[in-house]
Amino acid sequence: MLESQLTSPAVAAPPASRRARRKPEVLAPAGNLRGLKAAVDYGADAVYCGGKAFGMRSAPKNLSLADFEEGARYAHERGARVYVTLNVLPRNAEVEAMRDYIGQLKDTGIDAMIVTDIGVMMMAHQIAPEVELHVSTQAGVTNYGAAQALYEFGARRVVLAREMDLQAVRDIRARIPDDMDIECFVHGAMCMAFSGRCLFSNYLTGRDGNHGECAQPCRWKYSIVEEKRPGQYYPIEQTKEGAYLFNSQDMCMLDHIDDLIDSGATSLKIEGRSKSAYYIAAMTNAYKTAVNEYMVQRGFESADGTVLRPFHDRVIRPDDPDFQAVADDAIERNADQAFSGVPGEPPTEDDAFSAPAGADSREAAFVSAPAGGSSREAGEGGPSSAPTEDAAARSAGGTQLDELSYKARSARRKSNTREEVLPEGWHHAKCRPAQHVTLPDWLLAEPDKVAHRDYSTGFYYPEHKVTQNTDRSAYFRAWMVVGEVLSWTPDEGGRVTLMSRNKIEPGQHVEFLLPGEAPLAYTVPDTGLRDADGNWVPAINNPAHVFSMPCPREVPVNAAIRSRTKKPTLKAE
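Residue numbers (my numbering): 3 to 575.
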């Protein structure tokens, strides 16, 4: 009975357009219709956003059904797609409301629904079979078996757990269907909980983080108080301000975009549905430009965007003749060393089964070869019933581990040798080598022109894992938006009309954010500033009012005008 209940539903083959992936997708966030349009205008291949219910971000205004219709139409006219988040963990009382909402969403023209709960997945597959199903990072997919099972249940994309390193991405890519997308985070805030699954907010505030209401208590300031000394607060670091214990750094993978795409990521996800339209535009533009550079430098496209050959990642699949022929690289070595707890270079063939330096007898995990040959040879010949001697088992009162127990244990202990982490018969997916994709300096500077915490590369490189900003939770802000373009005219040698956001004065250096290219650097002229009535003004110093100024080069409508702050600040976003 149970087996029949778990039988996966019949899933139609994906349309031909799904099989021919032209290039990696840049996936941008949007908390409202304005953000959606900004993302599309600045190059997003797809935009993900939440509705008025059942999304994991309740703070943004989010989109109504009418907004989804307009947004989908706007995106489709420009070759982009729209995905809707339905990734909360619904309670019993919400199931029927979820069913009704899916029925309403399917007629808005959206392209995909992002889900976590398997019941919601089945419901969406039944109600809206023509809408793609993407599995959220909240589902915690960490292996190819889970991805393959979700594919059989109708999913056409998995958003991998944020804790995966690049080698794990490669291994999953090599063992799932090519028409299943792998979506990976590339930029934005990191959560201190595994794939965002956290009860911290529930405990401290009653706001459910798994229903989009997280109060972010992980970013609060904490001190220690001793039980018998109430009211005496001791900072955890030697500072009177206290400490931010769980305040994770932000992610920035811009300069490593080639490693991620080469490892099999087909969608690059920017975090930030609560961010401003400027943030969305700037980071979408940066990552889209980086992907374009990748496509040109890898030989898939010419500089003008002409397709030279079909896009394909560099991961070697198990059925490729050279699956084991390519030598391992730094990504593979560092991933194994971090997982096994082996410092420095990997063990040689002679010491592959010895204990890591400094390990005591209880943690040594010394393994001798089973009868009939080395453990590697036995594994390649098929399963062996020969028991494996183990120092840790002896110290615990036993003598031997059977092969299954040995492999299971070796995959979860931090004192393994590298050989134990790679049990006999398992082979990492390798990646064909290629030169690093180099990005222009202006592009690498873009992440510092939006509000951010200190950057890291998340968990992709185990040797450089994300850490915490224990001294502050505020965002670092060195640039600010001073205006937004309303129109441009060639009259009088070129003139831009703008909506003021902050002060603009003669001699000030500003930049216009342009889609697909470097920002336009411009110095505000000494004269020529006017208010909405055409009157000359000495400076633009009244926010949310219309002004104009000379600008010889045409700039697009809605382009942000930004300028360095006179003094970098720490400010909440």
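Glycine included, every Cβ here is placed at the ideal spot set by N, Cα and C.
With DSSP run on the structure shown, which of helix, strand or coil describes residue i?
{"i": "P345", "result": "Note that P345 scores a pLDDT of 49, beneath 50, so its modelled location is shaky and nothing firm can be said."}
{"i": "P464", "result": "helix"}
{"i": "G530", "result": "coil"}
{"i": "A480", "result": "strand"}
{"i": "E96", "result": "helix"}
{"i": "F187", "result": "strand"}
{"i": "P31", "result": "strand"}
{"i": "A327", "result": "coil"}
{"i": "D257", "result": "helix"}
{"i": "T491", "result": "strand"}
{"i": "A371", "result": "Low confidence applies here, because A371 scores a pLDDT of 29, under 50, leaving its location unreliable and the question unanswered by this model."}
{"i": "K271", "result": "strand"}
{"i": "K39", "result": "helix"}
{"i": "E72", "result": "helix"}
{"i": "L107", "result": "helix"}
{"i": "D443", "result": "helix"}
{"i": "K505", "result": "coil"}
{"i": "L91", "result": "coil"}
{"i": "A337", "result": "helix"}
{"i": "A114", "result": "strand"}
{"i": "P26", "result": "coil"}
{"i": "I263", "result": "helix"}
{"i": "R564", "result": "strand"}
{"i": "E513", "result": "strand"}
{"i": "A55", "result": "coil"}
{"i": "E556", "result": "coil"}
{"i": "A436", "result": "coil"}
{"i": "D102", "result": "helix"}
{"i": "A48", "result": "strand"}
{"i": "H78", "result": "helix"}
{"i": "P570", "result": "strand"}
For a quick check, are the C-beta atoms of residue i and residue j less than 9 Å apart?
{"i": "Q437", "j": "Q326", "result": "no"}
{"i": "V548", "j": "M482", "result": "no"}
{"i": "A148", "j": "A337", "result": "no"}
{"i": "A447", "j": "I282", "result": "no"}
{"i": "V188", "j": "I116", "result": "no"}
{"i": "D119", "j": "L91", "result": "yes"}
{"i": "D261", "j": "L135", "result": "no"}
{"i": "V557", "j": "L531", "result": "no"}
{"i": "C51", "j": "R231", "result": "no"}
{"i": "A508", "j": "P527", "result": "In the sequence on display, residue 508 carries Pro and not Ala. Yes, Cβ-Cβ distance for P508 and P527 is below 9 Å."}
{"i": "P492", "j": "A340", "result": "no"}
Locate the alpha helix (DSSP H) running through residue i, then write down its first and last residues.
{"i": "R175", "result": "L168 to A176"}
{"i": "G121", "result": "I120 to I129"}
{"i": "F292", "result": "In the sequence under discussion, the amino acid at residue 292 is Ala, which differs from the Phe named in the question. That run of the alpha helix (DSSP H) goes A279 to Q299."}
{"i": "L88", "result": "From DSSP, L88 is part of no alpha helix (DSSP H) but of the beta strand (DSSP E) over R83 to L88."}
{"i": "L152", "result": "Y146 to E154"}
{"i": "L500", "result": "It is not in any alpha helix (DSSP H) - L500 instead sits in the beta strand (DSSP E) that spans R497 to S502."}
{"i": "L522", "result": "Counting along the chain, L522 falls outside any alpha helix (DSSP H), though it belongs to the beta strand (DSSP E) covering L522 to T525."}
Spatial neighbours of residue i within its chain, please: CB distance less than 8 Å, with the 5 preceding and 5 following residues excluded, ordered by chain position.
{"i": "V328", "result": "I318, K432, C433, R434 and P435"}
{"i": "Q251", "result": "M192, R455, D456, Y457, S458, V468, T469, Q470 and N471"}
{"i": "A565", "result": "Here residue 565 turns out to be Ser, not Ala, going by the sequence shown. Hits under 8 Å: W481, M482, V484, N504, I506, Q510, H511, V512 and E513."}
{"i": "I112", "result": "F70, A74, V84, Y85, V86 and V133"}
{"i": "E303", "result": "K25, N294, M297, V309 and L310"}
{"i": "T286", "result": "V28, A30, A40, A41, Y44, G45, A46 and I272"}
{"i": "A520", "result": "P442, W444 and L445"}
{"i": "Y76", "result": "L38, K39 and V42"}
{"i": "G307", "result": "N294"}
{"i": "Q106", "result": "L67"}
{"i": "G399", "result": "Because G399 sits at a pLDDT of 47, beneath the cut-off of 50, its placement in the model cannot be relied upon, and the following sentence gives the value as read from the coordinates. So the list is empty, once near-sequence residues are dropped."}
What distance in whole Å lies between the Cβ atoms of residue j and residue i, which are believed to be in contact at a cut-off of 8 Å?
{"i": "D43", "j": "V28", "result": "No, D43 and V28 are not in contact; Cβ-Cβ is about 13 Å, not under 8 Å."}
{"i": "L65", "j": "T291", "result": "At roughly 27 Å, the Cβ-Cβ gap does not stay under 8 Å, so L65 and T291 are not in contact."}
{"i": "L256", "j": "Y289", "result": "7 Å"}
{"i": "D315", "j": "D264", "result": "6 Å"}
Apart from the five residues just before and just after residue i, which ones in its own chain have a Cβ nearer than 6 Å to its Cβ?
{"i": "A523", "result": "E513"}
{"i": "T499", "result": "L488, S489 and S550"}
{"i": "G496", "result": "C553 and P554"}
{"i": "Q150", "result": "I178"}
{"i": "Y146", "result": "I174, R177 and I178"}
{"i": "S269", "result": "E27, L29, D183 and E185"}
In chain order, what residues of the same chain have a beta carbon less than 7 Å from the beta carbon of residue i, not counting five sequence neighbours either side?
{"i": "E5", "result": "Note that E5 scores a pLDDT of 38, beneath 50, so its modelled location is shaky; the value from the coordinates is reported in the next line. So the list is empty, once near-sequence residues are dropped."}
{"i": "T110", "result": "L67, F70, E71 and A74"}
{"i": "L35", "result": "L65, D69, E72 and G73"}
{"i": "D450", "result": "A480"}
So residue i is in the beta strand (DSSP E); what residue range does that whole segment cover?
{"i": "L135", "result": "E134 to V137"}
{"i": "A305", "result": "Segment: none, A305 is in no beta strand (DSSP E) and carries neither H nor E."}
{"i": "V160", "result": "R159 to V161"}
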